[in-house]
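Student: Under the numbering used here, think of the first position of the sequence shown as 1, with each following residue one higher.
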Amino acid sequence: MSITTLFPIHPPKTVVHAAKKCKELQIPFPEVVAPAEDTEPQDFYVFRGYSKAPTVIHIPLFNAVNCKGEIEKWEKRYQTVQMSYSHEMITDLLGKAGLNITNNKEKLLKEIENVIKKKKTSMLGKI
1 MSITTLFPIH
11 PPKTVVHAAK
21 KCKELQIPFP
31 EVVAPAEDTE
41 PQDFYVFRGY
51 SKAPTVIHIP
61 LFNAVNCKGE
71 IEKWEKRYQT
81 VQMSYSHEMI
91 TDLLGKAGLN
101 ITNNKEKLLK
111 EIENVIKKKK
121 TSMLGKI
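Okay, structure coming up:
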């Protein structure tokens, strides 16, 4: 699972970069199709694995759901080049991360179940 904290990079770019690097290194990785850069990132992306590739779940830390149109404000406040964060800032970040998990709990559980079913089916085919 990927929860992006790289700014101001459009969140799916981190997954696209990981996919390219894995391809270079011949490591199985699912195909990644990133949305247009002019759209606000959604709160949940699934890149389904094939054969030996894993399924990758990507949850942008700041997204259209938990920032409600204020993504730029959050990204400006939390720069990766910033050397330290106050207690309040850390609490805010943990709140956003927690909200992402809470908002997507059912989707996460469903995707985990799908992967387990796929593994079981794959294992049964080898018997």
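Note that CB positions come from ideal geometry on N, CA and C, so glycine has one too.
Small disclaimer: the values here were computed from a predicted structure and weren't measured.
In angstroms with no decimal places, state the Cα-to-Cα distance between threonine 80 and threonine 102.
Tutor: 24 Å
Student: Are the CB atoms of valine 65 and proline 30 nearer to each other than 8 Å?
Tutor: no
Student: Quick one: what's got a C-beta closer than 7 Å to valine 15's C-beta in the same chain, skipping five residues either side?
Tutor: Ser2, Val32, Phe47, Val56, His58
Student: Is it the case that the Cβ atoms of phenylalanine 44 and asparagine 114 are separated by a distance below 8 Å?
Tutor: no
Student: Are there 16 or more other CB atoms within 10 angstroms of the CB of alanine 36, so buried, or fewer, so exposed?
Tutor: exposed
Student: Determine, using beta carbons only, whether tyrosine 78 and leucine 93 come nearer to each other than 8 Å.
Tutor: yes
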